[in-house]
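S.K.: In our numbering, the protein residues as written are 5 to 283.
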């Protein structure tokens, strides 16, 4: 009796250790994604305290304020200036960034369900070989995300941080000083060229550029992570098929294994297509 209880405890301990290892691997695969989503207040958590919810709501409010701070003045400038060709690109950027951010806020439940499904896939890995396949796919996803984020944030520093400072000061015929902004806009109630209004707008534009680029990096990195996870799952399916072909034995057992492989393959395609298209 005590022997069976000891065996049961050993199995329970082994399962718990496996679950912990699977959680660590899944967190490794999505760690950079979490770093990109957290400043935006968009990384979903199954269980959060009231304080965490408050800080998350504050981050979301701050991001919405920054997006509105460039979108509204940009819209008024777009309406007032006749030659709008040069303003079309920036204005579309403002609108699309705001639109993407709102969609990410509204899709939090689907996002959480997607992460739970992916974490469940990591828990279903049955061998070291399967784990290695998924780890390799996760590394490729992380590498692509790092390259994308490095390029985009470098461009953010140059465009929003350095370019307005090195572009110089223009003095018009009316002896009016004009300093450059990262994002053009029309400010009716105050003169944006006077201090400290210019400095305040400059730093807010830097923060807004960070938010807009973070939204783009976060969505792109999420798509990369989902695709690489699907690639890993499909590679596991190929491994199973190779094992099925190489193994000789009972025909009924082979049919059962083939049925399991087909079900896994269909589930992978259906789940990943639905999640990637929705998010």
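In this text, a Cβ means the ideal position worked out from N, Cα and C, and glycines have one as well.
Taking 8 angstroms as the cut-off, does the region 96-108 touch the region 64-77 (at least 3 CB pairs, one atom from each stretch)?
M.R.: Yes: the two stretches touch, three or more of their Cβ pairs being nearer than 8 angstroms.
S.K.: Looking at C-beta atoms only, is the number of pairs between the region 118-129 and the region 27-35 that lie closer than 8 angstroms three or more?
M.R.: Short answer: they touch.
S.K.: As a quick exercise: from 43, 166 and 194, pick the residue whose alpha carbon is nearest that of residue 217.
M.R.: Reading the chain shown from its first residue, position 213 is the one you call residue 217. Nearest Cα to residue 217 within the set 43, 166 and 194: 43.
S.K.: Tell whether a beta-carbon distance below 8 angstroms holds between residue 240 and residue 137.
M.R.: Start at 1 with the first residue of the chain shown, and residue 240 comes out as number 236. Start at 1 with the first residue of the chain shown, and residue 137 comes out as number 133. It is a contact, given that the beta carbons lie within the stated cut-off.
S.K.: Quick check on DSSP: helix, strand or coil for residue 17?
M.R.: To locate residue 17, count along the chain shown from 1; it is residue 13. Note that residue 17 has pLDDT 49, beneath the 50 cutoff, so the model's placement of it is unreliable and the number below is only indicative. Residue 17: helix per DSSP, three-state reduction.
S.K.: CA-CA distance, residue 85 and residue 153?
M.R.: Translated into the one-based positions of the chain shown, residue 85 becomes position 81. Translated into the one-based positions of the chain shown, residue 153 becomes position 149. In this structure, the straight-line span from the alpha carbon of residue 85 to that of residue 153 is close to 34 angstroms.
S.K.: Return yes when the Cβ of residue 159 is within less than 8 angstroms of the Cβ of residue 33, no when it is not.
M.R.: Locating residue 33 in the chain shown gives position 29, where the first residue counts as 1. Locating residue 159 in the chain shown gives position 155, where the first residue counts as 1. It is not a contact, given that the beta carbons lie outside the stated cut-off.
S.K.: So residue 69 and residue 190 are supposed to be a Cβ contact under 8 angstroms. How far apart are they, rounded?
M.R.: In the chain shown, the residue the question calls residue 69 occupies position 65. In the chain shown, the residue the question calls residue 190 occupies position 186. The pair is not a contact, with the Cβ atoms about 18 angstroms apart (cut-off 8 angstroms).
S.K.: Contact between the region 164-172 and the region 203-218: three or more CB pairs below 8 angstroms?
M.R.: yes
S.K.: Measuring CB to CB, does residue 232 end up less than 8 angstroms from residue 142?
M.R.: Along the chain shown, read from residue 1 onward, the residue named residue 232 stands at position 228. Along the chain shown, read from residue 1 onward, the residue named residue 142 stands at position 138. Yes, the Cβ-Cβ distance between residue 232 and residue 142 is below 8 angstroms.
S.K.: Let me know the secondary structure DSSP gives residue 135 once reduced to three states.
M.R.: Along the chain shown, read from residue 1 onward, the residue named residue 135 stands at position 131. Looking at residue 135 - three-state DSSP - the assignment turns out to be helix.
S.K.: How many angstroms separate the CA atom of residue 221 from the CA atom of residue 149?
M.R.: The residue labelled residue 221 in the question sits at position 217 within the chain shown. The residue labelled residue 149 in the question sits at position 145 within the chain shown. Between the alpha carbons of residue 221 and residue 149 lies a gap of roughly 8 angstroms.
S.K.: What are the boundary residues of the alpha helix (DSSP H) that residue 74 is part of?
M.R.: The residue given as residue 74 occupies position 70 in the chain shown. Counted as a single uninterrupted DSSP element, the alpha helix (DSSP H) harbouring residue 74 occupies residues 54-84.
S.K.: DSSP three-state call for residue 129: helix, strand or coil?
M.R.: Position 125 of the chain shown, counted from the first residue, corresponds to residue 129. Note: residue 129 maps to coil in three-state DSSP.
S.K.: Tell me the rounded alpha-carbon separation between residue 103 and residue 39.
M.R.: Looking up residue 103 in the chain shown gives position 99. Looking up residue 39 in the chain shown gives position 35. About 21 angstroms.
S.K.: Exposed or buried, residue 155, counting other C-beta atoms within 10 Å across all chains shown (16 or more means buried)?
M.R.: In the chain shown, the residue the question calls residue 155 occupies position 151. Answer is exposed; the Cβ neighbour count stays below 16.
S.K.: Using only alpha-carbon positions, find the residue among 185, 116 and 107 that is nearest to residue 204.
M.R.: For the purposes of this step, residue 204 is identified with residue 200 of the chain shown, where counting begins at 1. The shortest Cα separation from residue 204 among 185, 116 and 107 belongs to 185.
S.K.: Measure the C-alpha to C-alpha separation of residue 247 and residue 235 and round it to an integer number of angstroms.
M.R.: By 1-based counting over the chain shown, the position of residue 247 is 243. By 1-based counting over the chain shown, the position of residue 235 is 231. Answer to the nearest angstrom: the Cα atoms are 18 angstroms apart.
S.K.: Does the distance from the C-beta atom of residue 196 to that of residue 94 stay below 8 angstroms?
M.R.: As a working mapping, residue 196 is identified with position 192 in the chain shown. As a working mapping, residue 94 is identified with position 90 in the chain shown. No. Outside cutoff.
S.K.: Specify the secondary structure class of residue 34 as computed by DSSP and reduced to three states.
M.R.: The count along the chain shown starts at 1 and reaches residue 34 at position 30. In the three-state reduction of the DSSP assignment, residue 34 falls in the coil class, being assigned neither a helical nor a strand state.
S.K.: Which same chain residues, not among the five before or five after residue 64, have their C-beta less than 8 angstroms away from its C-beta?
M.R.: Within the chain shown, the letter at position 60 stands for residue 64. Once the five neighbours on either side are set aside, the close Cβ partners of residue 64 are 44, 45, 46 and 109.
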